[in-house]
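Beneath this line is the structure, given in structure tokens, with notes to follow.
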Amino acid sequence: MKPSVVLYKPLPDDLLQRLETHFSVTQVPDLSPETVHQHAHVFEQARGLLGASETVGAELLEKMPALQATSTISVGYDNFDVNALNARKVLLMHTPTALTETVADTLMALILSSARRVVEVAERVKQGEWTKGIGPDWFGTDVHHKTIGIVGMGRIGLALAQRAHFGFGMPVLYNARRQHQEAEERFSARRCDLDTLLQEADFVCSILPLTEETRHLFGAEQFTKMKPSAIFINAGRGPVVDEPALINALKNGEIHAAGLDVFEQEPLPVSSELLTLPNVVALPHIGSATHETRYAMAATAVDNLVAALNGNVEKNCVNPQVR
Ligand code: GLV
-17 MKPSVVLYKP
-7 LPDDLLQRLE
3 THFSVTQVPD
13 LSPETVHQHA
23 HVFEQARGLL
33 GASETVGAEL
43 LEKMPALQAT
53 STISVGYDNF
63 DVNALNARKV
73 LLMHTPTALT
83 ETVADTLMAL
93 ILSSARRVVE
103 VAERVKQGEW
113 TKGIGPDWFG
123 TDVHHKTIGI
133 VGMGRIGLAL
143 AQRAHFGFGM
153 PVLYNARRQH
163 QEAEERFSAR
173 RCDLDTLLQE
183 ADFVCSILPL
193 TEETRHLFGA
203 EQFTKMKPSA
213 IFINAGRGPV
223 VDEPALINAL
233 KNGEIHAAGL
243 DVFEQEPLPV
253 SSELLTLPNV
263 VALPHIGSAT
273 HETRYAMAAT
283 AVDNLVAALN
293 GNVEKNCVNP
303 QVR
């Protein structure tokens, strides 16, 4: 009998078939207590779990005593209680490489659209406001040759540094726990402490994962240190930013603008003050959201689950030590 797997995110047909050649798959809409209750027997039997964007914590694990591996269609895994998984020796697989270039493109889109006010002025054109030659009230600020400060120099940071250096002639500063030799050699990136980066960068770009260390790393104190002309970009995780402090900084002119793909609460509530600010570009967490990349991520997640349940954890495993 094939091992049983719970799938909580729809997959393209061919990938579902690939999964079904290895496992007996039950699809559920989500991991809510109601769903788990309704499919209690399936959750109890399942050896694998595959999906994205749901919380996987100790409470769920209690309902899944046979679980051996969980595979997320994402690079981030802050929605998983890794300690609880480790305690139960459940493997956690993710997709760290499939989305790198696409998320770096999203970061460039945020940089360009917030500096050049692309969303705002396009909206004005649609509203019929372009009735004569434009004046300074339509102007943006340059991106090329400005200094970019990258906070979090992982794979995505490196791909962003490449775009900034070769495409836009931007000096690259970065803040990271470790020195990144490749970034320094290929893109002349300069490692500096966070305060120096905040003071010197024209674009402060956060691509940090959410951990206890990074939660609310950007607060009132950090925004005060940035230049009044600085643009803050976040495409990592929302709770890395103290959002009320960011709103104040944007309203008080402590920083010039923000380009945001992630928020403390997602979906971003329509009542959020961020949506009232003309100097904010707010995207619905589209970092990796292209057809090609989402397909590649889902394919990787399927292969990861097959590998993990066969005891192969050389690639894409967050906690191989539990094996
Ligand atoms: C996207 O945010 C991801 O973690 O893959």
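Under my numbering, the residues of the sequence shown are numbered -17 to 305, in order.
In this text, a Cβ means the ideal position worked out from N, Cα and C, and glycines have one as well.
A straight-line Cα-Cα distance of about 8 angstroms links Leu49 and Leu43. In the DSSP assignment, Met90 falls within the unbroken alpha helix (DSSP H) covering Thr82 to Ala97. In this structure, the C-beta of Ser53 stays at least 7 angstroms away from each heavy atom of ligand 1. Residue ranges of uninterrupted alpha helix (DSSP H) with 4 or more members, entirely inside the segment 164 to 248 and ordered along the chain, are 176 to 182, 202 to 207 and 225 to 233. Judged by beta-carbon spacing, Ala283 lies within the 8 angstroms limit of Ile55, meaning their Cβ atoms are closer than that value. Listed by position in the chain, the residues whose beta carbon lies within less than 6 angstroms of some heavy atom of ligand 1 are Ser56, Val57, Gly58, Leu81, Gly269 and Ser270. Glu225 counts as buried, since no fewer than 16 other beta carbons sit within 10 angstroms of its beta carbon. The three-state secondary structure of Ile132, taken from DSSP, is strand. Considering only Gln303, Asn294, Asn301 and Ala280, the residue with the shortest C-alpha distance to Leu(-11) is Ala280. Val72 and Asn301 have their C-alpha atoms spaced approximately 8 angstroms apart. The criterion of a C-beta distance shorter than 8 angstroms is satisfied by Arg172 and Leu155.
Judged by DSSP in its simplified three-state form, Asn157 adopts strand. According to the DSSP assignment, Gln20 belongs to the alpha helix (DSSP H) that extends over Pro15 to Gln20. Judged by their CB atoms, Leu142 and Cys174 are not nearer to each other than the 8 angstroms cut-off. One thing to note: His4 has its Cβ no nearer than 8 angstroms to the Cβ of Lys(-9). Shown here, Ala48 sits in coil according to DSSP, grouped into three states, outside any helix or strand. If you draw a straight line from the Cα of Thr272 to the Cα of Ile116, it comes to about 33 angstroms.
Between Asn61 and the set Gly235, Gly220, Asn294 and Asn230, the nearest pair of CA atoms involves Gly220.
A straight-line Cα-Cα distance of about 8 angstroms links Ala183 and Met208. For Ala34, the secondary structure class from DSSP, reduced to helix, strand or coil, is coil. Taking C-beta atoms under 8 angstroms as the contact rule, Gly122 and Arg160 fail to qualify, at a distance of about 35 angstroms. Residue range Leu73 to Met75 is occupied by the beta strand (DSSP E) that includes Leu73. Per DSSP, Leu(-2) has no beta bridge partner at all. In the same chain as Ala22, and ignoring 5 residues on each side of it, the C-beta atoms closer than 8 angstroms to its own belong to Lys45, in chain order.
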